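Novice: Got a structure here, written out as structure tokens. Questions coming.
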Amino acid sequence: MASQEIEALSAALARLPGLGPRSARRAVLWLVKRRESALPQLLDVLAAVRDTLVECDTCGNVDTKNPCGICADSRRDQSQICVVEDVSDLWALDRAKLFTGCYHVLGGRLSALEGVRPEDLAIGSLLARVEQGGVDEIVLAMNATLEGQTTAHYIAERMENMPVRITQLAHGLPVGGELDYLDEGTLAQALRARRPLG
Ligand SMILES: [Zn+2]
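Just so we're aligned: 37 in full-length UniProt numbering is position 37 of the sequence shown, and the numbers increase by one with no gaps anywhere.
Have a look at this one:
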């Protein structure tokens, strides 16, 4: 029977995405064995994340400053906004270094099954950004899942009467594909070949 502390740590780690109870126990064992060497460093990094990271009020990115480094970068094209489901998608696209515009993170996707409604996502703030003017193109970069595409069409509908071009990533994207898992070449290709939403 493991101690209460170890049980608590295992339970906390098992809640992380991609880690089940089994992987969590392996991680705990690894940490326990290296509690003198690796653990202090991990604690420092975690504390830095807790103390310094904030959400950008403009785009929803997570950074050490608000507005984030992307929104504050004057070399970025403010007239293009790439809309993504999650921060991880923004990071994936930005790693590919092909998009020179700005981003907007929705914080999820519409889902009847999970009860996610338009008002649960950052759609209102996206519409407000477009209404403010100066935006020429909205690139909808939802995942190639049914819910992702439903979300893309919903947003396109809401923007129907706005003077803005709406495009979406080319679907050389694998069906069911999540942006975060694509290699940078595939992502870059999907972005380059983006087309009007039909
Ligand atoms: Zn931002």
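We treat Cβ as the ideally placed atom computed from N, Cα and C, and that holds for glycine.
Fair warning: this is a prediction, and the values are worked out from it, not measured in the lab.
1. DSSP puts residue 82 in a beta bridge; with which residues?
2. Closer than 8 Å is the cut-off here; do at least three beta carbon pairs connect the stretch 39-47 with the stretch 74-87?
3. How about residue 54 and residue 62: do their beta carbons lie closer than 9 Å?
4. Assuming contact is defined by CB atoms lying nearer than 9 Å, are residue 89 and residue 143 in contact in what I supplied?
5. Against chain C, with Cβ distances strictly below 9 Å, would residue 141 count as a contact?
6. If I follow the unbroken beta strand (DSSP E) through residue 167, where does it start and stop?
7. Is residue 59 close to ligand 1? I mean its beta-carbon at under 8 Å from any heavy atom of the ligand.
8. Can you check which of these residues, 196, 190, 179 and 13, is closest to residue 145 by C-alpha distance?
9. Does the beta-carbon of residue 203 have 16 or more other beta-carbons within 10 angstroms, so that it is buried, or is it exposed?
10. Could you give the DSSP three-state label for residue 63: helix, strand or coil?
11. Where DSSP assigns a beta bridge to residue 77, which residues make up the other side?
12. Is it the case that the Cβ atoms of residue 28 and residue 16 are separated by a distance below 9 Å?
13. Select from 64, 57, 56 and 36 the residue whose C-alpha is nearest the C-alpha of residue 49.
14. Should residue 100 and residue 80 be called a contact, given that it needs their Cβ atoms to be closer than 9 Å?
15. For residue 82, verify whether its CB is less than 8 Å away from any heavy atom of ligand 1.
16. For the 8 Å Cβ check, are there 3 or more pairs between the stretch 157-164 and the stretch 187-197?
17. Should residue 151 and residue 109 be called a contact, given that it needs their Cβ atoms to be closer than 9 Å?
Specialist: So, from the listed chains and residues:
1. Position 82 of the sequence shown, counted from the start, is the residue given in the question as residue 82. 103 and 139.
2. Under the Cβ criterion (8 Å, minimum of three pairs), the stretch 39-47 does not count as touching the stretch 74-87.
3. Taking the sequence shown and counting its residues from 1, the one referred to as residue 54 is at position 54. Taking the sequence shown and counting its residues from 1, the one referred to as residue 62 is at position 62. Cβ atoms of residue 54 and residue 62: closer than 9 Å.
4. What you label residue 89 is simply residue 89 of the sequence shown in a count that begins at 1. What you label residue 143 is simply residue 143 of the sequence shown in a count that begins at 1. Against a cut-off of 9 Å, the Cβ pair of residue 143 and residue 89 comes out as a contact.
5. No chain C appears in the structure shown, which is made up of a single protein chain.
6. Residue numbering aside, residue 167 sits at position 167 when the sequence shown is read from its first letter. If you look at residue 167, you'll find it in the beta strand (DSSP E) that goes 165-168.
7. What you label residue 59 is simply residue 59 of the sequence shown in a count that begins at 1. Yes, the beta carbon of residue 59 sits closer than 8 Å to at least one heavy atom of ligand 1.
8. In the sequence shown, the residue the question calls residue 145 occupies position 145. Nearest of 196, 190, 179 and 13 to residue 145, Cα basis: 179.
9. In this structure the chain extends from 1 to 198, so residue 203 is not present and cannot be described.
10. Taking the sequence shown and counting its residues from 1, the one referred to as residue 63 is at position 63. In this structure, residue 63 counts as strand in the three-state DSSP scheme.
11. As a working note, residue 77 is residue 77 in the sequence shown. Looking at the DSSP assignment, residue 77 forms a beta bridge with 101.
12. Here residue 28 corresponds to residue number 28 of the sequence shown, with the count starting at 1. Here residue 16 corresponds to residue number 16 of the sequence shown, with the count starting at 1. By the CB criterion at 9 Å, residue 28 and residue 16 fall outside the cutoff.
13. Along the sequence shown, read from residue 1 onward, the residue named residue 49 stands at position 49. Distance check between residue 49 and each of 64, 57, 56 and 36 places 64 closest, using alpha-carbon atoms only.
14. In the sequence shown, residue 100 corresponds to position 100, counting from 1. In the sequence shown, residue 80 corresponds to position 80, counting from 1. The beta carbons of residue 100 and residue 80 sit closer together than 9 Å.
15. Here residue 82 is taken as the residue at index 82 of the sequence shown, counted from 1. Because no heavy atom of ligand 1 lies under 8 Å away, the Cβ of residue 82 does not count as near it: no.
16. A contact is defined here as three or more CB-CB pairs under 8 Å, and the stretch 157-164 fails this definition with respect to the stretch 187-197.
17. Translated into positions along the sequence shown, residue 151 becomes position 151. Translated into positions along the sequence shown, residue 109 becomes position 109. Less than 9 Å divides the Cβ of residue 151 from the Cβ of residue 109.
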